[in-house]
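Numbering (the UniProt record's numbering), first residue to last: 1 to 562. Everything on this sheet refers to the single structure shown next.
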């Protein structure tokens, strides 16, 4: 007899709370901020580990190399913040000329250009992000010239401009009457102006201030504005639209305060006063010569402290990244578990209600009872997997080694899955004993070995509709046994293979009910094998099938050749 009234909602609530409670017994740390990228974007970055970004060595204060040959500057600092925000490290490729950078980008020899103005011509080759900085262009002349001048008054003058800059294209189109004199970089323009080889320079205000300050070019000054600003952003190769979205997300996390801090770091308010001249600095060096020894001691002491702080910071950063990754995976896992729990619960609830119908015959009641039983088993397996992972993560899982007969153990696993294989008439299981003996007694944990084999075999059955599943055992070498479970199923995408043994990770061919599951089985297998001093790996091809391999050490064994 079946009960006519069952408190279904109360039952569902208790089971769901039990599952959630088990989930949060797994150790984790809270994270400070969520990953701003989608799973698809993160997978894309993992599939492209060496994205090349062009960095100039000759364009201070935005991109240049310092005395220690380190890449630095405004744009390089922005790039560093971007890398932190998206948790990715770009591969820097260095150039000493802007034209070379632009040509390399058009030829796809590099993938990303930083600090670039969007133009009609460049849109043919690149996608552009939102601008992260706006830089006005100014007119520079010698101090013995006018104190103020407009662009309309430059018609008869020889004007230095950097070749292939966006402002170069802008001036050619709007002011064709100007006598533009292209030079390879801004520094060459300023030096030529200082040495009276040209009459004026049009360049970015920030660069002009920085270079005049750094090189102490005392005979130049800003005399006008051309009302043209560089809206500088990132340019990405045209065929990588997803990378444009990723970089835009990273840039959007950079605050105005962070941008202002970087600008104030690199761009001085005005050119150097007289007391910052080389002669005055030389006098100061002589005056403070007696303090050199103390300064050297302080320097090395600070260097030692910085190294210690850097080491601790790196350790904290790695711990933070691991915690963020763990919590992100856990959030995804909880969403998946919610679905996996509701599915059997809904089935149990629905068919239990149907059983209360007095008009059902015995055959219908038996059918509904079998469905309820199947879903109860599915829910039980899910809870068991969560408990196993919780014990392993908490260090409570133990390995109980004992002598047992290997071939019988494997046959027990095959027999346990015989019911599942009967549901797929075009699929069969084969066992290949390549040990050259009929029986082999080994010393390890038989329960855990069965658990590993059962997980791999049930996965093979789940993802196969026809063909065969082959379980093999052989010697890898004199001290290890090699096991394999091979199927003719749907296979695994090569991008997903590095992730399938991660906890809370579930790789699916599609979202149909055929592939339901917690996604914990392979992670449990890997962690159990680590406890048993073994290892596991997989080889797979989409549409062909998958082969899972694992090893176990042979410690104490007795060969019984029957």
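Every residue, glycine too, gets a C-beta built ideally from N, C-alpha and C. Model, not experiment: these values are computed from the prediction.
*C-alpha distance - residue 180 paired with residue 57, whole-angstrom precision*: Here residue 180 refers to the residue found at position 180 of the chain shown. Here residue 57 refers to the residue found at position 57 of the chain shown. Roughly 25 Å separates the two Cα atoms.
*Is the distance from the Cβ of residue 524 to the Cβ of residue 392 below 8 Å?*
Taking the chain shown and counting its residues from 1, one reaches residue 524 at position 524. Taking the chain shown and counting its residues from 1, one reaches residue 392 at position 392. Their beta carbons are under 8 Å apart, which means residue 524 touches residue 392 by this criterion.
*Cβ-Cβ separation, residue 67 to residue 90 (assumed contact under 8 Å), whole Å*: Taking the chain shown and counting its residues from 1, the one referred to as residue 90 is at position 90. Taking the chain shown and counting its residues from 1, the one referred to as residue 67 is at position 67. Residue 90 to residue 67, Cβ: 24 Å. No contact.
*So, helix, strand or coil for residue 250, using DSSP?*
Sequence index remark: in the chain shown, residue 250 carries index 250 (1-based). Note: residue 250 maps to helix in three-state DSSP.
_residue 441 in three-state terms, based on DSSP_ = Working through the chain shown from its first residue, we reach residue 441 at position 441. Three-state DSSP puts residue 441 in a strand.
*Taking all protein chains shown into account, do 16 or more other C-beta atoms lie within 10 angstroms of the C-beta of residue 48, making it buried, or fewer, making it exposed?*
Working through the chain shown from its first residue, we reach residue 48 at position 48. Exposed, because fewer than 16 other Cβ atoms sit within 10 Å of the Cβ of residue 48.
*Report yes or no: do three or more beta-carbon pairs, one from the region 225 to 235 and one from the region 166 to 184, lie closer than 8 Å?*
yes
*Would you say residue 581 and residue 249 are within 8 Å of each other, going by their C-beta atoms?*
No answer is possible for residue 581: the residues shown for the chain start at 1 and end at 562.
*asked:* Can you tell me where the alpha helix (DSSP H) holding residue 236 begins and where it ends?
replied: Counted from its first residue, the chain shown places residue 236 at position 236. First-last for residue 236: 220 to 237, but that is the beta strand (DSSP E), not the alpha helix (DSSP H).
*Three-state secondary structure (DSSP) of residue 600*: Residue 600 lies beyond the range of the chain shown here (1 to 562); nothing can be said about it.
*Alpha carbon to alpha carbon, how far is residue 380 from residue 130?*
For the purposes of this step, residue 380 is taken as the residue at position 380 of the chain shown. For the purposes of this step, residue 130 is taken as the residue at position 130 of the chain shown. Distance between the alpha carbons of residue 380 and residue 130 is about 51 Å.
*Compute the distance between the beta-carbons of residue 456 and residue 485, then report whether it is under 8 Å.*
For this step, residue 456 is matched to residue 456 along the chain shown. For this step, residue 485 is matched to residue 485 along the chain shown. Taking 8 Å as the Cβ cut-off, residue 456 and residue 485 qualify as a contacting pair.
*Let me know if residue 204 comes out buried or exposed under the rule of 16 or more other beta-carbons within 10 Å of its beta-carbon.*
Residue mapping note: residue 204 aligns to position 204 of the chain shown, counting from 1. That one is buried.
*Rounded straight-line distance, which links the Cα of residue 232 to that of residue 119*: Taking the chain shown and counting its residues from 1, the one referred to as residue 119 is at position 119. Taking the chain shown and counting its residues from 1, the one referred to as residue 232 is at position 232. Straight-line Cα distance between these residues: approximately 11 Å.
*asked:* Within 10 Å of its beta-carbon, does residue 306 have 16 or more other beta-carbons around it, so buried, or fewer, so exposed?
replied: In the chain shown, residue 306 corresponds to position 306, counting from 1. Classification for residue 306: exposed.
_Beta-carbon separation (whole angstroms), residue 55 vs residue 94, contact threshold 8 Å_ = As a position in the chain shown, residue 55 is number 55, starting the count at 1. As a position in the chain shown, residue 94 is number 94, starting the count at 1. Contact holds; Cβ gap of about 5 Å.
*Collapsed DSSP secondary structure at residue 95 in the structure displayed*: Position 95 of the chain shown, counted from the first residue, corresponds to residue 95. Residue 95 falls in the strand class under three-state DSSP.
_So, does the region 99 to 113 touch the region 145 to 157, judging by three or more C-beta pairs under 8 Å?_
no
*Quick one: residues in its chain with C-beta nearer than 6 Å to the C-beta of residue 462, no 5 flanking neighbours on either side, listed in chain order?*
Here residue 462 refers to the residue found at position 462 when the chain shown is read from its first residue. Cβ neighbours of residue 462 beyond the five flanking positions: none.
*In three-state terms, what does DSSP make of residue 29?*
Residue mapping note: residue 29 aligns to position 29 of the chain shown, counting from 1. At residue 29, the pLDDT of 42 sits below 50, so the modelled position is not reliable and the matter cannot be decided from this model.
*Taking only runs that begin and end inside the region 321 to 405, name each unbroken beta strand (DSSP E) of 3 or more residues, in chain order.*
402 to 405
*In the DSSP assignment, what residue or residues form a beta bridge with residue 179?*
Here residue 179 refers to the residue found at position 179 of the chain shown. DSSP, once it has assigned bridges, lists 158 as partnering residue 179.
_Run through the DSSP bridge pairs and tell me what residue 460 is partnered with._
One-based indexing of the chain shown puts residue 460 at position 460. Its beta-bridge partners do not exist; DSSP assigns none.
*asked:* Between residue 208 and residue 159, how many whole angstroms is the CB-CB distance? I'm expecting something under 8 Å.
replied: The sequence position of residue 208 within the chain shown is 208, counting from 1. The sequence position of residue 159 within the chain shown is 159, counting from 1. About 14 Å; that fails the 8 Å criterion.
*Can you check whether the CB of residue 474 is closer than 8 Å to the CB of residue 553?*
Within the chain shown, the letter at position 553 stands for residue 553. Within the chain shown, the letter at position 474 stands for residue 474. No, Cβ-Cβ distance for residue 553 and residue 474 is not below 8 Å.
*asked:* With H, G and I counted as helix, E and B as strand and the rest as coil, what does DSSP make of residue 495?
replied: Within the chain shown, the letter at position 495 stands for residue 495. If DSSP states are grouped into helix, strand and coil, residue 495 belongs with coil.
*In angstroms with no decimal places, state the Cα-to-Cα distance between residue 28 and residue 71.*
Taking the first residue of the chain shown as 1, we reach residue 28 at position 28. Taking the first residue of the chain shown as 1, we reach residue 71 at position 71. Reliability of the predicted coordinates at residue 28 is poor, the pLDDT of 45 falling under 50, and the value obtained from them is presented with this limitation in mind. Roughly 37 Å separates the two Cα atoms.
*Segment limits, beta strand (DSSP E) that includes residue 545*: Counted from its first residue, the chain shown places residue 545 at position 545. Note, residue 545: beta strand (DSSP E), 545 to 553.
*asked:* For residue 80, tell me which candidate among 171, 253, 549 has the shortest Cα-Cα distance.
replied: Position 80 of the chain shown, counted from the start, is the residue given in the question as residue 80. Comparing Cα positions, the closest option is 253.
*Can you round the beta-carbon distance between residue 402 and residue 446 to whole angstroms, since I take them to be within the 8 Å contact cut?*
If you number the chain shown from 1, residue 402 lands on position 402. If you number the chain shown from 1, residue 446 lands on position 446. Sure, about 7 Å apart at Cβ, within 8 Å.
*So who's on the other strand from residue 142, going by DSSP bridges?*
Numbered from 1 along the chain shown, position 142 holds the residue referred to as residue 142. Residue 142 is bridged to 220.
*asked:* Quick check on DSSP: helix, strand or coil for residue 125?
replied: To locate residue 125, count along the chain shown from 1; it is residue 125. DSSP places residue 125 in coil when its eight states are reduced to three.
*Check the C-beta distance from residue 148 over to residue 224 and give it rounded, since I have them as a contact under 8 Å.*
In the chain shown, the residue the question calls residue 148 occupies position 148. In the chain shown, the residue the question calls residue 224 occupies position 224. With a Cβ gap of about 6 Å, residue 148 and residue 224 count as contacting.
*asked:* Going by DSSP in three states, residue 34 sits in which element: helix, strand or coil?
replied: Counting from one through the chain shown, the residue named residue 34 turns up at place 34. Residue 34: coil per DSSP, three-state reduction.
*Please work out which residues of its chain come closer than 6 Å, Cβ to Cβ, to residue 453, disregarding the five sequence neighbours upstream and downstream, and give them in chain order.*
Within the chain shown, residue 453 is the residue found at index 453, counting from 1. Answer for residue 453: 413, listed in chain order.
_8 Å contact criterion, which residue 491 and residue 540 should meet: CB distance rounded_ = Residue 491 sits at position 491 when you count from the first residue of the chain shown. Residue 540 sits at position 540 when you count from the first residue of the chain shown. Sure, about 5 Å apart at Cβ, within 8 Å.
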